[in-house]
Amino acid sequence: MGSTLLPSIYRISRSIVTSSLKLTGSFFNQTSQFKYYTTSNAPSDTSYPIQPRTIPFPKIFQNLSRIFPRPLSSSWDDYRAFKTNEALLQEDLLSTVPFYPDSADGKIGQIIKTPIDDENYINEFCITPLNPNSDRMNHLVFIHGYGAGLGFFIKNFETLPLLDDSWTIHVVDMPGYGFSSRKPFPFDIRKHTLSAVEQWFVDRFELWFQKRGLAENSDRNLLVAHSMGAYFSALYAHRHPKRFKKLIMCSPAGVFLRKLIDEPQSWFVKLWDRNVSPFSLIRNSGRWGSKIASAWSYRRFGRLLDDGTELGATQFEALHRYSYAIFNRPGSGEYMLSFVLQCGANPRHPLLTRFFSEQPSEEYTADCDWLWLYGDRDWMDYHGGELASKFINEHKKNSSDIKVVPDAGHHLYFDNYEYFNELLVNEMRNVMKGAS
3 MGSTLLPSIY RISRSIVTSS LKLTGSFFNQ TSQFKYYTTS NAPSDTSYPI QPRTIPFPKI
63 FQNLSRIFPR PLSSSWDDYR AFKTNEALLQ EDLLSTVPFY PDSADGKIGQ IIKTPIDDEN
123 YINEFCITPL NPNSDRMNHL VFIHGYGAGL GFFIKNFETL PLLDDSWTIH VVDMPGYGFS
183 SRKPFPFDIR KHTLSAVEQW FVDRFELWFQ KRGLAENSDR NLLVAHSMGA YFSALYAHRH
243 PKRFKKLIMC SPAGVFLRKL IDEPQSWFVK LWDRNVSPFS LIRNSGRWGS KIASAWSYRR
303 FGRLLDDGTE LGATQFEALH RYSYAIFNRP GSGEYMLSFV LQCGANPRHP LLTRFFSEQP
363 SEEYTADCDW LWLYGDRDWM DYHGGELASK FINEHKKNSS DIKVVPDAGH HLYFDNYEYF
423 NELLVNEMRN VMKGAS
């Protein structure tokens, strides 16, 4: 390795450590150790998951090729592909499902960009039956978490049936994420409030619901939201009560305060409070960016290689390139993070004390049923969902339940997509029964 490259790798690796975020279980979780306390293995003196802990820097430096497994030649190819036509990296991923761009199995997918104001649009992958069997369709909506994009749900929408040709599936990029528009984030943490940021996202969700014809279809809408997307979906349900029949909260962020095993170091708090984005490292790394992103993507999507199929290998490669593309696009919606969460991933305004308590700071007005899902290896604490679910069942007219997905972590919709998809099909059938 040339002497000029070694300092560069050193600086890149060091930057990863100093900008990794605990919300996602660390985007570059090859640099972190995970220990989980779950429903089955929690010691008697605690019931809290332990947040990720970073490995000392010398160990990272000693294992660079393992931590960043993407070959340099491939990383440079990805950089050129991104610069030539970044949208093609989304197309390549979506093209791995049989019904896009051409129809198959009685359904077809299409990319839709819905304008929500003069400068911004919401990117969506929409799946519809070729021969709709109902004048009033049912709608299944997916909303991703922090730093993610609609493509992360590919193992869900790839095989979910459009039961009786009466369902439309909408897989949505949040404002300022994925391949939605990426205008500069209009808020400064030194000048603006959490309330203003929340309202900005909620207003854009509502505009999308209205323009896509879902606003008056509440009894036939099923919303599935992950992590930070679940947090904002709960706020949306509060401010627009008649929008969906059921909200499925998948490992939601921002529910309640957890006990931190390790207090964040002062330098990390400063980076957090200055709203430093972990993705800025990838954006500023040029041809190295895809290699750096592989520290997260290769581990996250590695299970696709387990069955040894051509499809698994193709989707693994496409998901990595897609992840690199959305990480590398201009920063926008991601800058809401330090408004919503404190350093260490505790919420600044927890949903539990805000809505789901005997003396809430706001009277909750949502009018939908709830399902809270956590992985059995989740670093998000399921007790928040338990307490919220208990409150809803005891004090609200709607029902609420909580379930643990086996063999799954924070990204439970992907880690055990077979179980997750079966659960969703059951929920879809329940919506149909209620609407009949």
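With positions in the sequence shown counted from 1, the corresponding number in this note's numbering is that position plus 2. By construction, the Cβ of each residue, glycine as well, lies at the ideal position given by its N, Cα and C atoms.
Using a 10 Å radius around the Cβ and a threshold of 16 neighbouring Cβ atoms, would you call residue 130 buried or exposed? buried
Starting from residue 118 and walking both ways along the beta strand (DSSP E), at which residues does that stretch end? Here residue 118 belongs to no beta strand (DSSP E), and DSSP marks it neither H nor E.
Determine, using beta carbons only, whether residue 246 and residue 284 come nearer to each other than 7 angstroms. no
Going by C-alpha distance, which of 337, 341, 157 is nearest residue 413? 157
If I measure Cβ to Cβ from residue 160 and keep anything under 6 angstroms in the same chain, skipping five residues before and after, which residues do I get? Counting only Cβ-Cβ distances below 6 angstroms, and skipping sequence neighbours, we find 99.
Assigned exposure category for residue 276 - 16 Cβ within 10 Å defines buried: exposed
Can you tell me the Cα-Cα spacing of residue 261 and residue 348, whole angstroms? 9 angstroms
Tell me the rounded alpha-carbon separation between residue 405 and residue 75. Approximately 44 angstroms, taken between the alpha carbons.
For residue 140, does the three-state DSSP call read helix, strand or coil? strand
Measure the Cβ-Cβ separation of residue 411 and residue 380 and say whether it is below 7 angstroms. Cβ atoms of residue 411 and residue 380: closer than 7 angstroms.
Can you give me the C-alpha to C-alpha distance between residue 200 and residue 237, rounded to a whole angstrom? Distance between the alpha carbons of residue 200 and residue 237 is about 8 angstroms.
If you scan the stretch 307-337 from start to end, which runs of the alpha helix (DSSP H) of 4 or more residues do you find wholly inside it? 312-330
For residue 105, I'd like the list of residues in its chain whose CB is within less than 6 angstroms of its CB, leaving aside the five on either flank, ordered along the chain. 132
How would you write the range of the beta strand (DSSP E) that residue 129 sits in, first residue to last? 123-131
What are the boundary residues of the beta strand (DSSP E) that residue 170 is part of? 169-174
Nearest CA to the CA of residue 373: which residue from 165, 224, 182, 82? The closest CA to that of residue 373, considering only 165, 224, 182, 82, is found on 224.
Our contact map puts residue 145 next to residue 227 with C-beta atoms below 8 angstroms; I'd like the distance itself, whole angstroms only. 4 angstroms
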